[in-house]
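Going letter by letter, the sequence shown gives residues 286 to 376 in our numbering.
Heads up, the beta-carbon is just placed ideally off N, CA and C, and yes, glycines get one too.
Comments concern the structure below.
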Amino acid sequence: MNYKEMRNTLEQMSNENHEDFAKALISFEKGINDKDALDKLYQEYMDNDSMSLLNDKFDYLIDELRENGQIKDSVAIEKEDNDLVNIVGIS
């Protein structure tokens, strides 16, 4: 996939479901998998007109959430997701 195809795909995903697109991008770029934390980060992004998706402020917000114990350990998230997969029977 080249740049133009990727850009068009990203634009389409953003247009179809901007909230999940933004959360997925934050998760991918910052390594955050906690769904509640992603909700808070997305809301902060939406409430702050001067904040772009790739803004350094995310680093400060993530640190604050970690300090307040509001981000679950990634291993716990992966285990929860794996348990769900095992319950459903899909691997």
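What are the start and end residues of the alpha helix (DSSP H) that includes residue i?
i	result
residue 315	303-315
residue 347	342-352
residue 325	320-332
Based on Cα-Cα distance, which residue from the options lies nearest to residue i?
i	options	result
residue 309	343, 296, 348 and 323	323
residue 347	300, 321 and 335	321
residue 315	287, 288, 338 and 352	338
How would you call residue i, buried or exposed, if buried means at least 16 neighbouring beta carbons within 10 angstroms?
i	result
residue 341	exposed
residue 376	Residue placement at residue 376 is flagged as unreliable, the pLDDT there being 48, under the threshold of 50; the coordinate-derived value follows with that caveat. Exposed.
residue 318	buried
residue 295	exposed
Rounded to whole angstroms, what is the Cα-Cα separation between residue i and residue j?
i	j	result
residue 303	residue 291	16 Å
residue 326	residue 289	29 Å
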